[in-house]
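Right, one structure below, let's go through it.
In structure tokens, the structure reads:
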């Protein structure tokens, strides 16, 4: 697998919609040092996006210090771990 990602996230329709219509989540994501899971362009182009979808695609760390062994929860409160 190549180390270079072949898509520009700024062209991704899901990322663009979250950035423009759900900007408060981007602010929360940055403040918490979270992760935004963005589907690849070919999938994202056919997805309609609800508030629940946005909350399910934002991973927030469960601890103050983030390292490789941390568990995350979605913005909607669902647990996930690596």
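Numbering (the working numbering), first residue to last: 66 to 147.
The C-beta atom is built at its ideal place from N, Cα and C for all residues, glycine as well.
Keep in mind that this is a model prediction, so the values were computed, not measured.
(message) Classify residue 142: buried if its beta carbon has 16 or more other beta carbons within 10 angstroms, exposed otherwise.
(response) Within the chain shown, residue 142 is the residue found at index 77, counting from 1. Result: exposed.
(message) Based on DSSP bridge pairs, tell me the residues matched to residue 125.
(response) Here residue 125 refers to the residue found at position 60 when the chain shown is read from its first residue. According to DSSP, residue 125 bridges with 138.
(message) Suppose you measure from the CA of residue 73 to the CA of residue 128; what does that come to, to the nearest Å?
(response) Translated into positions along the chain shown, residue 73 becomes position 8. Translated into positions along the chain shown, residue 128 becomes position 63. Answer to the nearest angstrom: the Cα atoms are 30 Å apart.
(request) Taking only the alpha-carbon atoms, compute the straight-line gap between residue 136 and residue 103 and give it to the nearest angstrom. (result) Taking the first residue of the chain shown as 1, we reach residue 136 at position 71. Taking the first residue of the chain shown as 1, we reach residue 103 at position 38. Cα to Cα, residue 136 sits roughly 19 Å from residue 103.
(request) Classify residue 145 as buried or exposed, calling it buried when 16 or more other Cβ atoms lie within 10 Å of its own Cβ. (result) If you number the chain shown from 1, residue 145 lands on position 80. Flag for residue 145 reads exposed.
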